[in-house]
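Number of protein chains: 2
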Amino acid sequence: MRDSDLDEIRDLALFRDMDSEHFQNLMRGAYHQTFPPQVTLIEEGQQADFLHVITEGAVEMFARWNDRETTMAIVRPVSTFILAACINDAPYLMSARTLMPSRIVMIPGADLRKVFASDPIFAQAIVRELATCYRSVVRHAKGLKLRASKERLAAYLIRHAGPTTGVARFQLPIEKRLLASYLGMTPENLSRALRLLRDEGVAVDGLRVEVRDLAKLAAIARPNPLMDGAESCGEPDSNSHIRARIGSR
Amino acid sequence: MRDSDLDEIRDLALFRDMDSEHFQNLMRGAYHQTFPPQVTLIEEGQQADFLHVITEGAVEMFARWNDRETTMAIVRPVSTFILAACINDAPYLMSARTLMPSRIVMIPGADLRKVFASDPIFAQAIVRELATCYRSVVRHAKGLKLRASKERLAAYLIRHAGPTTGVARFQLPIEKRLLASYLGMTPENLSRALRLLRDEGVAVDGLRVEVRDLAKLAAIARPNPLMDGAESCGEPDSNSHIRARIGSR
DNA sequence: GCGCGAGGTTGATCCAAGTCAAAAAACTAC
DNA sequence: GTAGTTTTTTGACTTGGATCAACCTCGCGC
Numbered sequence: 345m346r347d348s349d350l351d352e353i354r355d356l357a358l359f360r361d362m363d364s365e366h367f368q369n370l371m372r373g374a375y376h377q378t379f380p381p382q383v384t385l386i387e388e389g390q391q392a393d394f395l396h397v398i399t400e401g402a403v404e405m406f407a408r409w410n411d412r413e414t415t416m417a418i419v420r421p422v423s424t425f426i427l428a429a430c431i432n433d434a435p436y437l438m439s440a441r442t443l444m445p446s447r448i449v450m451i452p453g454a455d456l457r458k459v460f461a462s463d464p465i466f467a468q469a470i471v472r473e474l475a476t477c478y479r480s481v482v483r484h485a486k487g488l489k490l491r492a493s494k495e496r497l498a499a500y501l502i503r504h505a506g507p508t509t510g511v512a513r514f515q516l517p518i519e520k521r522l523l524a525s526y527l528g529m530t531p532e533n534l535s536r537a538l539r540l541l542r543d544e545g546v547a548v549d550g551l552r553v554e555v556r557d558l559a560k561l562a563a564i565a566r567p568n569p570l571m572d573g574a575e576s577c578g579e580p581d582s583n584s585h586i587r588a589r590i591g592s593r
Numbered sequence: 345m346r347d348s349d350l351d352e353i354r355d356l357a358l359f360r361d362m363d364s365e366h367f368q369n370l371m372r373g374a375y376h377q378t379f380p381p382q383v384t385l386i387e388e389g390q391q392a393d394f395l396h397v398i399t400e401g402a403v404e405m406f407a408r409w410n411d412r413e414t415t416m417a418i419v420r421p422v423s424t425f426i427l428a429a430c431i432n433d434a435p436y437l438m439s440a441r442t443l444m445p446s447r448i449v450m451i452p453g454a455d456l457r458k459v460f461a462s463d464p465i466f467a468q469a470i471v472r473e474l475a476t477c478y479r480s481v482v483r484h485a486k487g488l489k490l491r492a493s494k495e496r497l498a499a500y501l502i503r504h505a506g507p508t509t510g511v512a513r514f515q516l517p518i519e520k521r522l523l524a525s526y527l528g529m530t531p532e533n534l535s536r537a538l539r540l541l542r543d544e545g546v547a548v549d550g551l552r553v554e555v556r557d558l559a560k561l562a563a564i565a566r567p568n569p570l571m572d573g574a575e576s577c578g579e580p581d582s583n584s585h586i587r588a589r590i591g592s593r
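Residue numbers (this note's numbering), protein chains in the order written: chain A, 345 to 593; chain B, 345 to 593.
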């Protein structure tokens with residue numbers, strides 16, 4: 345594994361404060377692999393053998409039932425996924441696939457559990473990470489139950505507009521089809537909902553979005569830290585590195 | 345606090361294996377209080393000052409947004425709630441109210457975090473508890489996104505029918521209005537959905553339910569351990585003590 | 001017993017969102 | 001560039017589920 349990768353992983357909240365030796369123990373048994381797009385990394389139901397850390401690219405977490413499929417989260421570098429299954433040594437509840445060429449560190453679950461048992465600092469970090477993930481899913485569930493689809497979309501746009509006042513410009517971090525699935529609606533409906541938001545000053549061109557009147561959007565989304573808060577974990581897109589890349593079209 | 349209560353709390357997975365002294369430290373600062381029904385114990389948005397443990401009664405976890413309200417979980421003795429907010433020292437994402445006269449232990453969050461930092465066994469237990477809660481919400485979210493309301497209801501009934509083969513009889517652990525909210529539908533719709541399930545051999549009289557043909561229900565619910573699995577946390581009703589009480593009407 | 005209020009059911013109606021189909025646009029590979 | 005695939009949009013239609021309103025029923029206090 346490259347040193348620069350190691351440094352990046354080490355810098356994650358999960359690993360930052362832990363004992364160096366323990367970190368090395370974790371990394372010794374770890375693989376760092378590059379995957380092409382559209383590769384299934386994890387199939388739900390499988391036993392959780394590895395904690396995954398994405399260092400490059402993007403991964404979709406999704407779930408299937410009865411021929412239906414839904415996007416549960418998009419994971420971006422650098423962060424971990426399926427920590428909970430790993431800790432509980434239980435089957436994955438979600439599947440994961442790469443959305444683009446991606447590099448993934450895979451840390452054996454057994455090592456994880458071993459180090460976690462012997463390093464209290466690490467255990468604390470895990471707890472914090474888990475609690476954050478938990479809160480993130482609760483937010484997602486609240487959104488699904490309390491907001492209508494148009495409201496969910498508006499809230500999503502506001503979250504991604506950043507703390508701008510006035511006009512916000514940004515790029516959708518994922519395909520609309522995925523965004524629709526994440527937000528719990530059909531692509532057709534997302535398209536129509538975006539159209540409806542035109543009256544609220546939202547202009548969409550491909551993936552580029554311009555929000556001309558945040559206040560108007562906020563009147564629909566009624567954003568609320570208890571649903572739209574920033575402690576994120578799997579919100580597409582939780583990281584800012586995409587936003588930084590936006591150029592003119 | 346009564347010794348019998350202490351024993352019961354001590355027997356929770358969360359506290360079972362921890363150091364005795366640490367347990368005492370936790371309990372020293374704890375209050376054990378009895379509340380009448382319909383008392384709001386926690387208001388979402390408040391700072392998480394106490395970990396709550398319910399020892400008697402029932403508590404509804406719910407969330408509000410914009411005049412709408414939804415039931416997120418029902419907590420039964422003996423189990424904890426709002427662990428995640430406490431650990432992260434963050435605002436509660438959900439409110440809690442008693443559904444019946446209930447006894448609640450309140451453990452100061454600061455004590456919790458202190459003990460959690462010094463007792464690795466306890467930290468592990470917290471991790472396991474959190475991971476389980478996390479997985480439970482993921483299941484809930486999957487159900488909301490992948491299943492239609494009739495399917496959610498069917499799945500709920502099957503989960504509560506127990507592992508019976510043939511005819512199952514049991515009692516709904518909560519009012520239908522709450523069940524509807526938990527399942528993400530209106531009371532009217534729940535009523536209609538139950539009516540539709542009559543053709544599938546489901547007979548309902550008040551809170552008493554008789555499932556005459558589990559296979560037929562299963563054909564609708566398509567139950568699946570990855571959505572309906574047993575590692576529960578907040579599923580109404582996760583505990584069996586109510587089922588034990590069912591008598592003839 | 002009666003009256004009252006909350007929970008539950010039912011029916012009529014409405015609307016949001018899903019489905020189906022087809023066209024348009026965007027991206028890919030050659 | 002072109003052909004072919006995938007995504008996105010749009011329109012017409014259907015439907016699941018919400019809403020509104022009336023009514024029933026059960027539990028409870030007097």
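Virtual Cβ for every residue (Gly too), placed ideally from N, Cα, C.
On a predicted model such as this, the values are computed, not experimentally measured, just so you know.
Since residue i sits in a beta bridge, which residues does DSSP pair it with?
i	result
B/Gly359	Per the sequence presented here, residue 359 of chain B reads as Phe, with Gly not at that position. DSSP, once it has assigned bridges, lists no residue as partnering B/Phe359.
A/Val403	A/Val419, A/Thr442
A/Val397	A/Thr424, A/Val449
B/Glu299	Only positions 345 to 593 of chain B appear in this structure, which leaves residue 299 of chain B out of reach.
B/Glu473	According to DSSP, B/Glu473 bridges with nothing at all.
A/Tyr375	A/Met450
B/Ala512	B/Val555
B/Pro435	B/Gln391
A/Glu495	Partner(s): none; A/Glu495 has no beta bridge.
Is the Cβ of residue i closer than 8 Å to any Cβ of chain B?
i	result
A/Lys494	no
A/Ala407	yes
A/Leu541	no
A/Val459	no
A/Lys520	no
Hey, out of the options, whose CA is closest to residue i's CA?
i	options	result
A/Met529	B/Leu474, B/Arg539, B/Leu570, B/Leu490	B/Leu490
B/Ala505	B/Glu388, B/Ile448, B/Leu561	B/Leu561
B/Ala454	B/Gln391, B/Glu365, B/Arg496	B/Gln391
A/Trp409	A/Met438, A/Asp351, A/Arg479, A/Tyr375	A/Met438
A/Met450	A/Lys458, A/Val459, A/Phe425, A/Glu473	A/Phe425
B/Leu356	B/Gln377, B/Cys430, B/Arg472, B/Ala417	B/Arg472
A/Ala434	A/Gly401, A/Ala537, A/Val459, A/Leu395	A/Leu395
B/Gly373	B/Lys458, B/Arg496, B/Thr384	B/Lys458
A/Val397	A/Asp411, A/Glu387, A/Ala440, A/Met362	A/Ala440
B/Asp349	B/Arg447, B/Arg536, B/Val548	B/Arg447
A/Tyr500	A/Pro421, A/Asp543, A/Leu538	A/Leu538
A/Ser480	A/Leu385, A/Asn369, A/Ala574	A/Ala574
B/Leu358	B/Tyr375, B/Arg542, B/Ala492, B/Phe460	B/Phe460
B/Val419	B/Leu551, B/Glu400, B/Tyr436	B/Glu400
B/Ile431	B/Pro421, B/Leu456, B/Ser423, B/Val422	B/Leu456
A/Glu352	A/Leu370, A/Tyr375, A/Leu534, A/Val422	A/Val422
Within a Cβ cutoff of 7 Å, which residues of the same chain sit near residue i, ignoring the five residues on either side of it in sequence?
i	result
A/Pro381	Thr442, Leu443, Met444, Pro445
A/Pro531	Lys520, Arg521, Ala524
A/Gly591	Its pLDDT being 33, under 50, A/Gly591 is placed unreliably by the model, and the measurement read from it follows with that caveat. Excluding residues within five positions, none has a Cβ falling inside 7 Å.
A/Glu365	none
A/Thr415	Glu404, Phe406, Leu522, Ser525, Tyr526
B/Asp285	Residue 285 of chain B falls outside the range modelled here, since chain B spans only 345 to 593, and no answer is possible.
A/Val656	Nothing about residue 656 of chain A can be read from this structure; chain A reaches only from 345 to 593.
If we define contact as Cβ-Cβ less than 8 Å, is residue i a contact residue for chain A?
i	result
B/Ser582	Its pLDDT being 49, under 50, B/Ser582 is placed unreliably by the model, and nothing is read from it.
B/Tyr500	no
B/Lys560	no
B/Arg587	Residue confidence is low: B/Arg587 scores 38 on pLDDT, short of 50, so the model does not pin down where it sits. Its coordinate-derived value is still stated next. Chain A, which has no Cβ nearer than 8 Å to the Cβ of B/Arg587, makes this no.
B/Val546	no
B/Pro464	yes
B/Asn432	yes
B/Leu356	no
B/Glu388	yes
B/Leu570	yes
B/Leu474	yes
B/Met450	no
B/Asp347	no
Among residues of its own chain, excluding the 5 on either side of residue i, which ones have a beta-carbon nearer than 8 Å to its beta-carbon?
i	result
A/Glu413	Phe406, Ala407, Ser525
B/Arg360	Arg354, Ala469
B/Ile502	Val555, Leu558, Leu561, Ala562, Ala565, Pro567, Asp572
B/Ile465	Asp361, Met362, Asp363
Ordered along the chain, which non-local residues of its own chain (more than five positions away) have a Cβ less than 6 Å from that of residue i?
i	result
B/Leu570	none
B/Thr509	none
A/Arg496	Gly487, Leu527
A/Leu385	Ala440
Would you list, in sequence order, the uninterrupted alpha helix (DSSP H) runs of no fewer than 4 residues that lie entirely inside the stretch 520-555 of chain A? 520-527, 531-540
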